[in-house]
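Enquirer:
In the numbering used here, the protein residues as written are 467 to 1580.
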């Protein structure tokens, strides 16, 4: 019973609840029951209390089913149904219901709600101007939304004047799917979109719509397509051609390549560049007119659209030239005057296309032919044209007759065009006479081989003739277009008989032959070019080129000069014939001057580089020329520089021979030489001229101490004289065999390292004062840099200290020269600083800068040849001889030393020389005594036959004159016998000449320079002369010459040496002419003091025998 009661209670409670819920279920519509298409609508089932376990669905009266789940346009969420994009099909009666799962009796439904869906306002999009538009145009798109009134009317609603939504709309413009806003290219102003300067990229689909705050919030969209095309440019064409003749019909056509556009056409004619003179409009693309006067005009066309005021671009201008008709000319071949039987051709020629354009003031066209073909017609005053042959533009008369004379004309026509040209008339004359020419030659006389002879065939003819030349030895003829024929005369065989005739036409119509003319030929001489002073000259010299022609005749030649590459052959009447020298300043002017020169001598003054070249010449006599000379190459070098060298070497011992040689490199012709020696006593180191006009060598034999010095030379040649630059200096040093003064060097070697120190001192065995260390370097002759008395010290050597050092006294005496070399490198050669004597030992060492000691593993060389390879760095040569002289140096891995000259002197043999000299001296004294006695006796015997009175009148006074202080002391003794008409006098006198020491200056006999103090004793025996001055008697002269020389102290001896030379000479004097014969024998007496100045003197004789030679002035 209890459970039945419970069930009943629950059932009652459900009924009570159900009755309450049904009363509260309600369906609401948002936003409104009246909506616009496209809007979103929400339908909601509302109840007073929420029971989440209820389920809902929505039903529409017009459909058989209810909506309980979401679909494409419907969304169900709880008690709400959402319709997206409402459409007219969504109109109708809607209600909703609910229920619980498992409770079929719980279903509840709402009342019906009516939903009305109206169409949204429509939009329309307009495009201005009409599409397609041209690029660059401004395009306007306007969006128009229908008014509220029109919308209500379209939807069947009554008009409500109280609502107007037009001001509330906002407008949106789209291209494809992209919204467009105001930018540089677009402008949006409410309902208008403006596109500025449209381009092809603006093509596309455009659409617009309206938006507002109230409903309806959006209008329907409207779209339109925009097409953008390039503004077309017409093409203007002219028919028949751009160049027409006056009176022709011309058609212009304007082609515009577009679709679906209707055009009208405007035509513009320009006489000036920018402003049209006439304008014409047509509806068709063609415009025709007649060219009625000569003019040059430009035409253009343009299309205009029928649907708007827009137009195409202008076409390019087309120039139309209206010109006169071309002219024709009639030509006659071979000539307007012909001979009977000749073939005559008349040709009608229309002026060339080029000439016609030029005559009409048209711009030149590269085409030279007409673009169409001409047809020709002929007329004759005789009216017989039909009997002739006409082929195109040519009329032919095969064999002319007298009846063919007359006037002829022609004209040309163009096929299909009214163009013609008519020529002026041409007169044709026909003669019945065959001419005979006359033959002449130039030159008229004999022709020279290598030249040409011009033959001239003289005949009074018209034009068109060829000339035919015949030589009697040939069977064929030579044809020329002129009446002159140049015969090349290569040999004598080219001479002979020649004749000529004329001919023209095809077939050839010939005149008679001329009379024969004989041409004589002679062999041509060849010119020879000589050059003074030489073919190789130097800048600044004057050069003379001479053209010589060996010719036996009396021909007067003019001369033609040529430099290779110059067109020298010109008419002699136009050439220079007065002056023949070239002093031009550039190559071209010089070439012109040479080619215009016609004299025998071509003088080039102060030559320069551009005067170099290959010169030739030839002679010319009227039109005849000699053979061209062989080419002569003139070479102009830079300024001449003399060069001096010494043979065999510049380091000598007195008594040796040495030769200085002066050269001009590259030239050896025509030079004379001058020699100079630097005077060390002059502070400015000036040069003194020693010998002019000498040869190219200067020999000192024997060389003496005073020959030591610095020598230069200079060469000259030509008139006016051209001088070379002085040569570089050449030091020549002569060392005495004995010297009391020596130069000491510390360290004692000839080579030294740079930056090291060097000490030099002069040591005199008699006096340590009065000596100075001097030197000669590349710069000048000077004292040693740092002097203290007779000593010099150089604390830091440099390469500029390289040179020759010596001791020099206050009086200028020079002693003991030494060669010092300063080296920047790492290796030097240690060798004896003094010359060696035969038999000595030569020791060489290779020293390094850092250790100043011998280098192990050194190679020693003499004159470039390897001598030895030493591991000790030292090399010894025992018992040296003269053959060991030369340049020595060494090499190591650290470097190479400079070269040093090693000098070797001969050993002394004084004892042998002393004995020989004493013997010779005794023999000489005996011979002199015997000879004097014999001469005295002979003269005394002859004196008896001489008249005493005559002797008194002719003989010199018997006096003895000794002049103190003079250079000559003469003692003349005259013995006279007073009986006899023509006495002879024996004259014996002794002449003693004392020469004082003078400052040396080189002269022509410097090689035999005299010692400082010389005393001559000359004993002469003369025969007195006859009173007849025209009869010269013989005279024998015997004299002895005693030379007194001061010799310096020898090493290790305190006293001085005096040398005496006795020279015996025999001279014969006959009839005013002198001659020398026999040998010269010198006896040298040497006074030697041994053991000091106060010791006894020892005298010995040394003989020297010299063969007499003819002296050559240098």
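Cβ coordinates follow ideal geometry from the N, Cα and C atoms, glycine included.
Looking only at DSSP bridge pairs, what is residue 1109 linked to?
Expert: According to DSSP, which records beta bridges pairwise, residue 1109 is partnered with 1129.
Enquirer: Please name the residue in 752, 854 and 734 whose C-alpha comes closest to that of residue 746.
Expert: Nearest C-alpha to residue 746: 734.
Enquirer: Just to confirm before moving on: does the CB-CB distance between residue 700 and residue 779 stay below 9 Å?
Expert: Yes, they are a contact pair.
Enquirer: How is the beta strand (DSSP E) around residue 1143 delimited, first residue to last?
Expert: Residues 1138–1144.
Enquirer: Within the chosen definition, does the stretch 538–556 reach the stretch 572–579 through at least 3 CB pairs nearer than 8 Å?
Expert: Taking 8 Å as the limit for Cβ pairs, the verdict is that the stretch 572–579 does not touch the stretch 538–556.
Enquirer: Thinking C-alpha only, which one of 962, 513, 686 and 1277 is nearest residue 1620?
Expert: Examination of residue 1620 is not possible in this model, given that the chain is present from 467 through 1580 alone.
Enquirer: If we require 3 or more residues per run, which beta strand (DSSP E) segments fall completely within the stretch 656–722?
Expert: Listed in chain order, they are 658–661, 670–677, 688–692, 701–705, 709–711 and 715–721.
Enquirer: Roughly how many whole angstroms lie between the Cα atoms of residue 732 and residue 639?
Expert: C-alpha separation (whole angstroms): 39 Å.
Enquirer: Taking all protein chains shown into account, do 16 or more other C-beta atoms lie within 10 angstroms of the C-beta of residue 1085, making it buried, or fewer, making it exposed?
Expert: With 16 or more Cβ atoms within 10 Å of its Cβ, residue 1085 is classed as buried.
Enquirer: So residue 1368 packs on residue 1350, CB below 8 Å; how close in whole Å?
Expert: Yes, residue 1368 and residue 1350 are in contact; Cβ-Cβ is about 7 Å, under 8 Å.
Enquirer: What are the boundary residues of the beta strand (DSSP E) that includes residue 1581?
Expert: The displayed coordinates of the chain run from 467 to 1580. Any statement about residue 1581 would go beyond what the structure contains.
Enquirer: What are the start and end residues of the alpha helix (DSSP H) that includes residue 824?
Expert: Residues 819–825.
Enquirer: Label residue 1581 either buried or exposed according to how many other C-beta atoms from any shown protein chain fall within 10 Å of its C-beta, with 16 as the threshold for buried.
Expert: The displayed coordinates of the chain run from 467 to 1580. Any statement about residue 1581 would go beyond what the structure contains.
Enquirer: Judging by CA-CA distance, which residue of 962, 948 and 787 is the nearest neighbour of residue 954?
Expert: Ranking the options by Cα distance to residue 954, first place goes to 962.
Enquirer: Using 8 Å as the threshold, is the stretch 592–604 in touch with the stretch 694–714, meaning 3 or more CB pairs across them?
Expert: Contact between the stretch 592–604 and the stretch 694–714 is present, because at least three Cβ pairs lie under 8 Å.
Enquirer: Go ahead and pull the three-state DSSP assignment for residue 1217.
Expert: Looking at residue 1217 - three-state DSSP - the assignment turns out to be strand.
Enquirer: Return the chain-ordered list of same chain residues with a C-beta closer than 8 Å to the C-beta of residue 902, the five sequence neighbours on each side being excluded.
Expert: 925, 977, 978, 979 and 980, listed in sequence order.
Enquirer: Among residues of its own chain, excluding the 5 on either side of residue 1117, which ones have a beta-carbon nearer than 6 Å to its beta-carbon?
Expert: Taken in chain order, the residues that qualify are 1199 and 1369.
Enquirer: Got a sec, what are the start and stop residues for the beta strand (DSSP E) residue 1180 sits in?
Expert: It spans 1175–1183 - the beta strand (DSSP E) in which residue 1180 sits, taken as one unbroken run.
Enquirer: Rounded to a whole number of angstroms, what is the C-alpha to C-alpha distance between residue 877 and residue 730?
Expert: Taking the straight line joining both Cα atoms gives about 45 Å.
Enquirer: By Cβ distance below 6 Å, which residues in the same chain neighbour residue 1250 in space, the five residues on each side in sequence not counted?
Expert: Within the same chain, residue 1250 has close Cβ partners 1239, 1241 and 1258.
Enquirer: Check for me: the alpha helix (DSSP H) holding residue 617 runs from which residue to which?
Expert: Taken as a continuous stretch (DSSP letters only), the alpha helix (DSSP H) holding residue 617 covers 614–620.
Enquirer: Buried or exposed: where does residue 755 fall if 16 or more other Cβ atoms within 10 Å of its Cβ makes it buried?
Expert: By the neighbour-count rule (16 or more Cβ atoms within 10 Å), residue 755 is not buried but exposed.
Enquirer: In terms of residue numbering, what span does the beta strand (DSSP E) encompassing residue 565 cover?
Expert: Start and end: 558–566.
Enquirer: Note down the Cα distance separating residue 566 from residue 500, rounded to an integer number of angstroms.
Expert: So the alpha carbons of these two residues sit roughly 32 Å apart.
Enquirer: To the nearest angstrom, how far is the alpha carbon of residue 909 from that of residue 1009?
Expert: Going from the Cα of residue 909 to the Cα of residue 1009 covers about 36 Å.
Enquirer: For residue 1012, which of helix, strand or coil comes out of DSSP?
Expert: Three-state result, residue 1012: strand.
Enquirer: Does the stretch 913–923 touch the stretch 984–1004, meaning 3 or more C-beta pairs lie closer than 8 Å?
Expert: Yes: at least three Cβ pairs fall under 8 Å.
Enquirer: From the DSSP output, in three-state form, read off residue 1059 for me.
Expert: If DSSP states are grouped into helix, strand and coil, residue 1059 belongs with the helices.
Enquirer: State yes or no: is the C-beta of residue 1304 within less than 9 Å of the C-beta of residue 1346?
Expert: Yes, the pair counts as a contact, with Cβ atoms nearer than the cut-off.
Enquirer: Measuring only the C-alpha atoms, how far is residue 1438 from residue 1399?
Expert: Per-residue confidence for residue 1438 stands at a pLDDT of 36, beneath the threshold of 50, marking its modelled position as unreliable; the derived number appears in the next sentence. About 18 Å.
Enquirer: Below 9 Å between beta carbons: does that hold for residue 702 and residue 675?
Expert: Their beta carbons are not under 9 Å apart, which means residue 702 does not touch residue 675 by this criterion.
Enquirer: Grab me the residues of residue 1348's own chain with a C-beta within less than 6 Å of its C-beta, minus the 5 sequence neighbours each way, in chain order.
Expert: Answer for residue 1348: 1370, listed in chain order.
Enquirer: CB residue 1243 to CB residue 1278, shorter than 9 Å?
Expert: In this structure, residue 1278 does not lie closer than 9 Å to residue 1243 by Cβ.
Enquirer: Rounded C-beta distance between residue 1176 and residue 1197? I'm assuming under 8 Å.
Expert: Contact holds; Cβ gap of about 5 Å.
Enquirer: Excluding the five sequence neighbours on either side, which residues of its own chain have a C-beta within less than 7 Å of the C-beta of residue 654, listed in chain order?
Expert: Closer than 7 Å at the Cβ level, and outside the excluded window around residue 654, lie 639, 646, 647 and 648.
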